[in-house]
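Heads up, the thing below is written out as structure tokens.
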Amino acid sequence: MLIVREDLERIGRLSTEVRFSESPDMTDWIRSLVESGNYIGGEPLAITGRYVTKNEVLSDGPFIESKEGISGYDIILAENLEQATAIAQTCPMVMVGFAIREVRPIQPFISKDPEKHI
Amino acid sequence: MDKVQQEVDNLYKQQFGKMVASLLYASRDIDPKTAEDIVQDSFSSALIDWRLQGIPANSAGWLYKVCRNKALNKIKKDKRLEPLTEKLDQGSVETRFSESVLDDQQLKLLFACAHPDLSPKAQVVITLKYVVNLRVEVIAKILGMTIDGVDKLLLRARQKIKDEKIILEEPHLQALKPRLSIVHKIIYLTFNEGYKSSGGKEILREDLCEEALLLNKALMDSHLSNKETAALHALMLFNAARFKSRISASGELMDLENQDRSLWNQELIQLAHDFFTRSQGEDVSTYHLEAAIACLHCIAASFELTDWKTIAGLYTRLLYIHPNPFVELNYAIAKYYAGEKTDAFKILNELQGQSFLNQYYLLNMTIGKFHLLEGNLLLARQFLLKAHDQTNLGKEKDFIGKMVNKLSDPK
Numbered sequence: 003m004l005i006v007r008e009d010l011e012r013i014g015r016l017s018t019e020v021r022f023s024e025s026p027d028m029t030d031w032i033r034s035l036v037e038s039g040n041y042i043g044g045e046p047l048a049i050t051g052r053y054v055t056k057n058e059v060l061s062d063g064p065f066i067e068s069k070e071g072i073s074g075y076d077i078i079l080a081e082n083l084e085q086a087t088a089i090a091q092t093c094p095m096v097m098v099g100f101a102i103r104e105v106r107p108i109q110p111f112i113s114k115d116p117e118k119h120i
Numbered sequence: 033m034d035k036v037q038q039e040v041d042n043l044y045k046q047q048f049g050k051m052v053a054s055l056l057y058a059s060r061d062i063d064p065k066t067a068e069d070i071v072q073d074s075f076s077s078a079l080i081d082w083r084l085q086g087i088p089a090n091s092a093g094w095l096y097k098v099c100r101n102k103a104l105n106k107i108k109k110d111k112r113l114e115p116l117t118e119k120l121d122q123g124s125v126e127t128r129f130s131e132s133v134l135d136d137q138q139l140k141l142l143f144a145c146a147h148p149d150l151s152p153k154a155q156v157v158i159t160l161k162y163v164v165n166l167r168v169e170v171i172a173k174i175l176g177m178t179i180d181g182v183d184k185l186l187l188r189a190r191q192k193i194k195d196e197k198i199i200l201e202e203p204h205l206q207a208l209k210p211r212l213s214i215v216h217k218i219i220y221l222t223f224n225e226g227y228k229s230s231g232g233k234e235i236l237r238e239d240l241c242e243e244a245l246l247l248n249k250a251l252m253d254s255h256l257s258n259k260e261t262a263a264l265h266a267l268m269l270f271n272a273a274r275f276k277s278r279i280s281a282s283g284e285l286m287d288l289e290n291q292d293r294s295l296w297n298q299e300l301i302q303l304a305h306d307f308f309t310r311s312q313g314e315d316v317s318t319y320h321l322e323a324a325i326a327c328l329h330c331i332a333a334s335f336e337l338t339d340w341k342t343i344a345g346l347y348t349r350l351l352y353i354h355p356n357p358f359v360e361l362n363y364a365i366a367k368y369y370a371g372e373k374t375d376a377f378k379i380l381n382e383l384q385g386q387s388f389l390n391q392y393y394l395l396n397m398t399i400g401k402f403h404l405l406e407g408n409l410l411l412a413r414q415f416l417l418k419a420h421d422q423t424n425l426g427k428e429k430d431f432i433g434k435m436v437n438k439l440s441d442p443k
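Quick note, the sequences are listed as chains R and V, same order.
Quick note: the first sequence uses the numbering used here, first residue 3, plus one each step.
Quick note: the second sequence uses the numbering used here, first residue 33, plus one each step.
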């Protein structure tokens with residue numbers, strides 16, 4: 003998974019329109035990833051949401067003020083972590099310095115019951 | 033010694049013998065002396081032409097092309113062959129005499145470029161630079177990148193490969209087989225780049241498609257290939273066969289429906305068939321499925337008579353292996369023409385919902401076109417105008433513009 007991290011405080015002040023019009027165009031990048039068979043899916047995330055902990059639910063969690071808060075994600079298929087990283091390096095938002103991409107391999111989930119078929 | 037002379041001399045040393053041998057292998061009717069004359073002739077032509085026009089991007093490729101044409105002309109002129117044999121022989125020269133002489137060193141390089149740590153785009157770029165020997169400016173132009181962008185990519189890629197101590201210290205050729213699927217993808221993507229619009233006024237890049245075919249041919253000749261390679265070759269040939277019909281005499285872009293099928297190259301289609309047959313085995317790869325779809329298009333007498341039902345079925349299988357919104361779009365199109373219009377619209381609407389596809393002009397153009405055909409003129413206009421805004425290509429804009437005009441004057 004390629005997690006997008008941006009300055010949420012900055013984006014939070016913009017209208018959705020401006021947020022996307024100011025960002026570099028991502029369609030060609032995604033299109034080339036689709037063509038090469040690497041793209042699985044992805045979405046931008048809204049800035050407002052809820053922060054749920056054991057004791058409370060906040061609508062202004064610490065994530066709102068984050069300079070590197072999560073603003074979206076893409077799921078790609080790659081040969082290995084190296085290739086995923088190389089792909090992340092070509093992300094237009096990364097190349098202009100608007101965002102950081104955190105590259106995290108999706109871990110296969112291991113069920114507690116070893117007899118259960120995953 | 034001037035640059036042209038130098039280039040020609042180098043190529044002469046490297047290629048003369050190979051070219052003569054290949055000619056002899058390709059055609060029964062050319063004797064050794066004639067073969068040598070033809071090859072010699074080609075080098076003379078190179079010397080003259082390159083002094084006037086400059087050295088071409090792929091100089092060896094140029095030589096092979098010219099040599100092949102000279103050989104074909106010789107065969108046509110000299111022989112009183114039966115039409116059938118003549119066709120066979122020509123076909124033979126077309127296929128067997130090609131620059132399928134990537135030597136061991138270049139093949140190793142191809143596999144080295146197929147390094148799994150590089151992004152797919154980097155794999156293509158590095159192959160175009162070091163195996164196909166295109167100049168950086170040419171690569172940038174074809175892929176719609178900046179020269180700086182290409183340089184950066186090459187630098188990073190070379191660095192990575194150097195760090196891994198892999199480049200040119202290649203293990204034995206057999207050990208490289210696991211990289212074959214990556215090599216296939218590189219060739220496939222290269223062909224795709226040449227086949228589709230690459231920005232700007234020009235819409236087809238035949239040269240790049242030819243390069244992809246030559247690379248694949250070399251792969252097959254090297255015994256490193258498998259049935260997937262043959263399927264990939266069939267797929268590329270089926271598409272290449274339709275080149276001449278994609279742009280009309282007046283320079284317009286013609287879609288599949290309006291292409292003049294008499295311009296489709298039947299020899300290439302036959303050749304593609306041969307490779308397709310050769311590719312049959314236990315495994316069905318995405319290349320097999322795509323080749324089958326391309327085949328069904330190529331053998332259809334007309335757009336209306338195309339076996340849309342089977343094509344739709346093939347797309348279902350393709351989507352199962354490789355879910356992909358572009359393929360999904362083609363699937364919807366096949367369903368529409370197979371008469372399953374409700375399903376088609378359902379799929380198209382779902383695709384519309386995906387944020388990035390919503391911006392894709394071909395999707396909106398398709399929806400617009402189908403509404404036009406169904407008589408929903410308002411919706412048609414809405415989607416066609418949307419599509420018109422979404423593409424920057426002159427030819428595509430013209431094509432959509434024509435459809436919009438049809439709206440005001442439906443006949």
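C-beta: ideal position from N, C-alpha, C; glycine also.
Nothing here was measured: the structure is a model prediction, and the numbers come from that model.
Give the single residue among His354(V), Asp375(V), Ala266(V), Ser311(V) whose Cα lies nearest to the Cα of Gln302(V). Working through the second sequence from its first residue, we reach residue 302(V) at position 270. It is Ala266(V).
Taking only the alpha-carbon atoms, compute the straight-line gap between Ile112(R) and Arg52(R) and give it to the nearest angstrom. Locating residue 112(R) in the first sequence gives position 110, where the first residue counts as 1. Locating residue 52(R) in the first sequence gives position 50, where the first residue counts as 1. Near 29 Å, if we compare the C-alpha coordinates of Arg52(R) and Ile112(R).
Work out the CA separation of Lys438(V) and Lys427(V) for me, nearest whole Å. For this step, residue 427(V) is matched to residue 395 along the second sequence. For this step, residue 438(V) is matched to residue 406 along the second sequence. Lys438(V) has its alpha-carbon roughly 17 Å from the corresponding atom of Lys427(V).
Spell out whether any CB of chain V is found under 8 Å from the CB atom of Glu19(R). Here residue 19(R) refers to the residue found at position 17 of the first sequence. Not closer than 8 Å to any Cβ of chain V, the Cβ of Glu19(R) fails to qualify, so no.
Exposed or buried, what is Glu242(V) when buried is set at 16 or more other beta-carbons lying within 10 Å of its beta-carbon? Counted from its first residue, the second sequence places residue 242(V) at position 210. Flag for Glu242(V) reads buried.
Compile a chain-ordered list of the residues in the region 35-55 of chain R whose CB is closer than 7 Å to at least one CB of chain V. Val36, Glu37, Ser38, Gly39, Asn40, Glu45
Could you tell me the alpha carbon to alpha carbon distance between Asn90(V) and Asn165(V), rounded to whole angstroms? Stepping through the second sequence from its first residue, residue 90(V) is reached at position 58. Stepping through the second sequence from its first residue, residue 165(V) is reached at position 133. Each residue's alpha carbon lies about 6 Å from the other.
Cross-chain neighbours of Leu221(V) in chain R, by beta carbon under 8 Å: Here residue 221(V) is taken as the residue at index 189 of the second sequence, counted from 1. Chain order gives the chain R residues near Leu221(V) as Glu37, Ser38, where near means a beta carbon separation below 8 Å.
Answer with yes or no whether the minimum CB distance from Ile13(R) to chain V is below 8 Å. For the purposes of this step, residue 13(R) is taken as residue 11 along the first sequence, with counting starting at 1. Taking Cβ atoms only, chain V never reaches closer than 8 Å to Ile13(R), which makes this a no.
Beta-carbon within less than 8 Å of Phe100(R)'s beta-carbon, same chain only, minus the 5 sequence neighbours each way: which residues are those? Reading the first sequence from its first residue, position 98 is the one you call residue 100(R). Excluding residues within five positions, the ones whose Cβ falls inside 8 Å are Glu8, Ser25, Pro26.
Checking 8 Å against the spacing of the C-beta atoms, do Glu260(V) and Ser317(V) come in under that value? Along the second sequence, one-based indexing puts residue 260(V) at 228. Along the second sequence, one-based indexing puts residue 317(V) at 285. Yes; because the gap between Cβ atoms is below 8 Å, this pair is in contact.
How about Asp41(V): is its Cβ closer than 7 Å to a heavy atom in the ligand GDP? The model depicted lacks the ligand GDP and carries no ligand whatsoever.
Quick one, which residues of the region 73-85 of chain V are near chain R if we go by CB-CB under 7 Å, in chain order? So the list is empty, because no residue satisfies the distance condition.
Grab the span of the beta strand (DSSP E) containing Leu4(R) for me, first residue to last. Taking the first residue of the first sequence as position 1, residue 4(R) is located at position 2. That run of the beta strand (DSSP E) goes 4-8.
Would you mind sorting Asp62(R) into buried or exposed? The rule is 16 or more other CB atoms within 10 Å of its CB. On the first sequence, residue 62(R) is found 60 positions in, with the first residue counted as 1. With fewer than 16 Cβ atoms within 10 Å of its Cβ, Asp62(R) is classed as exposed.
Whose Cβ in chain R lies nearer than 8 Å to the Cβ of Ala154(V)? Counted from its first residue, the second sequence places residue 154(V) at position 122. Chain R residues near Ala154(V): Ala88.
With three or more beta-carbon pairs closer than 8 Å as the criterion, would you say the region 42-51 of chain R touches the region 82-91 of chain R? no
Going along the chain, which unbroken runs of the alpha helix (DSSP H) with 4 or more residues stay wholly within the region 326-366 of chain V? 340-353
Is the distance from the Cβ of Thr398(V) to the Cβ of Ile365(V) below 8 Å? Stepping through the second sequence from its first residue, residue 398(V) is reached at position 366. Stepping through the second sequence from its first residue, residue 365(V) is reached at position 333. In contact: Thr398(V) and Ile365(V) (Cβ atoms closer than 8 Å).
Find the residues of chain V that neighbour Asn57(R), judging by a C-beta separation of less than 8 Å, and give them in chain order. Here the question's residue 57(R) lines up with position 55 in the first sequence. Per Cβ cutoff of 8 Å: no residues; Asn57(R) is ~35 Å from chain V at best.
Would you kindly report the start and end of the unbroken beta strand (DSSP E) that includes Ile77(R)? What you label residue 77(R) is simply residue 75 of the first sequence in a count that begins at 1. First-last of the beta strand (DSSP E) with Ile77(R): 71-78.
Within 8 Å of any Cβ in chain R, is that where the Cβ of Phe377(V) sits? For this step, residue 377(V) is matched to residue 345 along the second sequence. No, Phe377(V) lies away from the interface with chain R (no Cβ there is under 8 Å from its Cβ).
Mind listing the chain R neighbours of Asp149(V)? Cutoff is C-beta to C-beta under 7 Å, in chain order. Along the second sequence, read from residue 1 onward, the residue named residue 149(V) stands at position 117. Counting only Cβ-Cβ distances below 7 Å, Asp149(V) has contacts in chain R at Asn82, Glu84, Gln85, Ala88, in chain order.
Backbone CA spacing between Ala154(V) and Gln391(V) [nearest angstrom]: Along the second sequence, one-based indexing puts residue 154(V) at 122. Along the second sequence, one-based indexing puts residue 391(V) at 359. Roughly 25 Å between the two C-alpha positions.
Please specify which runs of the alpha helix (DSSP H), each continuous and at least 4 residues long, are wholly inside the region 234-314 of chain V, giving them in chain order. 238-253, 259-272, 275-278, 298-310
Taking Asn248(V) as the reference, give the member of Leu139(V), Pro64(V), Lys418(V) with the closest Cα. Reading the second sequence from its first residue, position 216 is the one you call residue 248(V). It is Leu139(V) whose Cα lies nearest to the Cα of Asn248(V).
Going by Cα to Cα distance, which pick from Ser34(R), Glu37(R), Met28(R), Asn57(R) is closest to Pro46(R)? By one-based count along the first sequence, residue 46(R) stands at place 44. The candidate whose alpha carbon is nearest that of Pro46(R) is Met28(R).
Label Asn396(V) either buried or exposed according to how many other C-beta atoms from any shown protein chain fall within 10 Å of its C-beta, with 16 as the threshold for buried. One-based indexing of the second sequence puts residue 396(V) at position 364. So Asn396(V) counts as buried.
State buried or exposed for Gln422(V), treating a residue as buried only when at least 16 other CB atoms are found within 10 Å of its CB. Locating residue 422(V) in the second sequence gives position 390, counting from the first residue. It is buried - the Cβ of Gln422(V) has at least 16 other Cβ atoms within 10 Å.
Would you please verify whether the beta carbon of Ile32(R) is less than 8 Å from any beta carbon of chain V? For the purposes of this step, residue 32(R) is taken as residue 30 along the first sequence, with counting starting at 1. Yes, its Cβ sits closer than 8 Å to a Cβ of chain V.
For Leu190(V), name the three-state secondary structure that DSSP assigns. Counting from 1 along the second sequence, the entry for residue 190(V) is found at position 158. The sequence given here has Arg at residue 190(V), not Leu. Of the three classes helix, strand and coil, the one that applies to Arg190(V) here is helix, per DSSP.
If we ignore side chains and look at the alpha-carbon of each, how far apart do Glu319(V) and Ala344(V) end up? Counted from its first residue, the second sequence places residue 319(V) at position 287. Counted from its first residue, the second sequence places residue 344(V) at position 312. A small correction: the amino acid at residue 319(V) is Tyr; Glu does not occupy that position in the sequence shown. Approximately 16 Å between the Cα atoms of the pair.
Going by the DSSP bridge assignment, what does Val105(R) pair with across the sheet? In the first sequence, the residue the question calls residue 105(R) occupies position 103. Bridge partners of Val105(R): Leu4(R).
Counting contacts by CB-CB distance shorter than 8 Å, is Lys209(V) in contact with chain R? Here residue 209(V) refers to the residue found at position 177 when the second sequence is read from its first residue. For Lys209(V), the answer is no, since every Cβ of chain R falls outside 8 Å of its Cβ.
Report all residues from its chain with a CB closer than 8 Å to the CB of Ile13(R); omit the five preceding and five following residues, and keep chain order. Indexing the first sequence from 1 puts residue 13(R) at position 11. Answer for Ile13(R): Arg21, Ile49, Ser73, listed in chain order.
Mapping DSSP to helix, strand and coil, what is Leu425(V)? For the purposes of this step, residue 425(V) is identified with residue 393 of the second sequence, where counting begins at 1. Correct three-state label for Leu425(V): coil.
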